[in-house]
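All you need for the working numbering is the position in the sequence shown, starting with 1, plus 79. First comes the structure, then the notes that go with it.
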Amino acid sequence: MVKDRGYVINHDTHTDMNLFRERCMKDGLIVKESMMFQVQKNDNPNEQLLVTFPDEKPVGVKYLKILCQRMVDSKVNRGIIVFPGTLTAAANKAIQVINTRENRHYEVDTFSEADLMINITSHQLVPKHYVLSDKEKKTC
Numbered sequence: 080m081v082k083d084r085g086y087v088i089n090h091d092t093h094t095d096m097n098l099f100r101e102r103c104m105k106d107g108l109i110v111k112e113s114m115m116f117q118v119q120k121n122d123n124p125n126e127q128l129l130v131t132f133p134d135e136k137p138v139g140v141k142y143l144k145i146l147c148q149r150m151v152d153s154k155v156n157r158g159i160i161v162f163p164g165t166l167t168a169a170a171n172k173a174i175q176v177i178n179t180r181e182n183r184h185y186e187v188d189t190f191s192e193a194d195l196m197i198n199i200t201s202h203q204l205v206p207k208h209y210v211l212s213d214k215e216k217k218t219c
């Protein structure tokens, strides 16, 4: 999904299963914190994205505060949360506030793990997907 959005995927991010097990598993369990990664746009290295995988269920405002601080510390303006269960109502509201500020500097997208089990854009019956420009978004 990140590659489809125009971000550079380096070798460390796109790993084989053995390397994944070595980096992201401890005692046979996935340590989701170790799956976090940061990428930059192909055409604009200053536009960066932080992808996180929280363990907590449901994901709440406490986790959003941690994510926002990581984004500030890493000088990243976009974040993606891939969550295992649900988001709390307060977390949903906080994300709306982050994403709708007038002069927003940060943007957070959320996806459930279940939604990302398959890449729907690769299905033969789904038309090619592309990122809309700001102008195209306003006309929708």
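Glycine included, every Cβ here is placed at the ideal spot set by N, Cα and C.
For Asp188, the enclosing beta strand (DSSP E) begins and ends at Glu186 to Ser191. Counting only runs that start and end inside the region 133-187, the alpha helix (DSSP H) elements of at least 4 residues fall at 140-153 and 168-179. With fewer than three CB-CB distances shorter than 8 Å, the region 98-112 does not count as touching the region 142-154.
Met104 carries a strand assignment under DSSP once its states are collapsed to helix, strand and coil.
Per DSSP, reduced to three states, the secondary structure at Lys207 is coil, with no helix or strand assignment.
Distances from the alpha-carbon of Val140 to those of Phe99, Ala169 and Ile197 put Ala169 closest. With respect to the 7 Å criterion, Leu146 and Thr131 are classified as neighbours on the basis of their beta carbons.
The three-state secondary structure of Lys217, taken from DSSP, is helix.
In the DSSP assignment, Leu128 falls within the beta strand (DSSP E) that extends over Gln127 to Thr131.
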